[in-house]
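Residue numbers (this note's numbering), protein chains in the order written: chain H, 27 to 109; chain V, 144 to 394.
The C-beta atom is built at its ideal place from N, Cα and C for all residues, glycine as well.
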């Protein structure tokens, strides 16, 4: 693999290891952004949603990765596991 | 520095130090394998070239950060920190629970040494070049991660220098210990470090994302401590839960 491609893969891999957690985190931030900007919800609601949503994404992501599955399609790639 | 500022600067230094320590140890293992198998000339040349590449990257990215509006920068960095921190935390939880194998520096050293010895048998004439490129890639790839960690931890509120100090301290420490013992640094508690760094980076991520979205955190900078406690608690509970699932699956 050429060095620029390897660097690009490394940079993307920095942020996206588990696709579910990455997608859920982006979704949480998107929902909180809408809450904060469109509805002007109070800080306790927006801040609490952001923190709670991220903690929830983490907990569900770990549960999904830990549970046994029949087909060999782990959410964390083999390359990720090796590192 | 005021107590509230220290509440942000100290975790920034600590997070950059611990995260960089993990990356520098990984790069050091490969450079050590190259130096041991093929001699120190290609290992050092490859490493110095990679450090020059990283310096150029920092010089190119640094001025760009000043041009981005603060709220946008905080939001972008917050999201990247959340993605980065939760990735590390999830992986550390799965490793601590025994779902994923722990990273082994001695195994990584042996694999790299075997790879270079295979190359040596096939094409002796180009081996110096291959060894140099191997060292360059290891330092450049792990170094890019360190650069992103420093930017992500430090750029949100003018903490680039404290974060850089943390990264430089990690580099100096690994180099000093590595030169002294001349072996892969297998006793670094890498998974515990990744767990701790994952907790800190995720907490920073929530904080900066909130700031970027205009959320006025109660207690301001001190809210970080609440986030650290929350991620630590959920991380520990998730480890217990993952261990239980793995044990049930093994039985």
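Item	Value
Of all Cβ atoms in chain H, is any one closer than 9 Å to the Cβ of residue 154 of chain V?	no
Mind checking residue 209 of chain V: buried by the 16 CB within 10 Å criterion, or exposed?	exposed
Is it the case that the region 293-307 of chain V contacts the region 181-199 of chain V, given that we only count it when at least three CB pairs across the two stretches are under 8 Å?	no
Using CA coordinates, which residue listed in V:391, V:392, V:376, V:351 is at the minimum distance from residue 236 of chain V?	V:376
Exposed or buried, residue 147 of chain V, counting other C-beta atoms within 10 Å across all chains shown (16 or more means buried)?	Annotation note: pLDDT 46 at residue 147 of chain V (below 50); position unreliable, no value reported.
Should the region 348-362 of chain V be regarded as contacting the region 211-224 of chain V, the criterion being three or more beta carbon pairs within less than 8 Å?	yes
Please decide whether residue 277 of chain V counts as near chain H, where near means a Cβ-Cβ distance under 9 Å.	no
If we ignore side chains and look at the alpha-carbon of each, how far apart do residue 86 of chain H and residue 60 of chain H end up?	23 Å
What residues from the region 85-96 of chain H come within 8 Å of chain V, judged by C-beta to C-beta, listed N to C?	85, 87, 88, 89, 91, 92, 93, 94
Taking only beta-carbon atoms, is residue 360 of chain V less than 9 Å away from chain H?	yes
Could you give the DSSP three-state label for residue 44 of chain H: helix, strand or coil?	strand
Within its chain, find whatever has a CB closer than 8 Å to the CB of residue 155 of chain V; leave out the 5 residues flanking it on each side and keep chain order.	296, 297, 302, 305, 306, 309, 347
Thinking C-beta only, is residue 274 of chain V closer than 9 Å to residue 284 of chain V?	no
Residues of the region 59-74 of chain H with a CB closer than 7 Å to any CB of chain V: list them in chain order, please.	59, 62, 69, 72, 73
At which residues does the alpha helix (DSSP H) containing residue 364 of chain V begin and terminate?	Neither: residue 364 of chain V is in no alpha helix (DSSP H) and is coded neither H nor E.
Assign residue 26 of chain H to buried or exposed, taking buried as 16 or more other Cβ atoms, counted over all protein chains shown, within 10 Å of its Cβ.	Because chain H here runs from 27 to 109, residue 26 of chain H falls outside it and cannot be looked at.
Taking only the alpha-carbon atoms, compute the straight-line gap between residue 342 of chain V and residue 159 of chain V and give it to the nearest angstrom.	13 Å
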